[in-house]
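Read through the structure below, which is laid out as structure tokens, and then see the notes.
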């Protein structure tokens, strides 16, 4: 989780700068085979939500940006 990564980064002299949630979908992945183009297009257009708390709810992955302290 981002919280665990932040804690571990701190132990190694790094600071969590940002968390960006990725591959956002408002529907469960099991629905992807039924309409893959629409499913993936929705994910693409929802990408800006990955920088908001909504991303934590509907993102299937995340990117953590760290920097040295």
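In the numbering used here, the protein residues as written are 2 to 70. Beta carbons are placed, not taken as given, at the ideal position from N, Cα and C, and that holds for glycine. Here the structure is a predicted model, which is why all the values come from computation and not from measurement.
DSSP lists 64 as the beta-bridge partner residues of residue 21.
Within the same chain, Cβ atoms closer than 6 Å to the Cβ of residue 61 are found at 24, the five residues on either side in sequence being excluded. Between the alpha carbons of residue 35 and residue 18 lies a distance of about 38 Å.
Secondary structure at residue 8: helix, using DSSP grouped into helix, strand and coil. When 50, 12, 11 are compared, the shortest CA-CA separation from residue 27 is found for 50.
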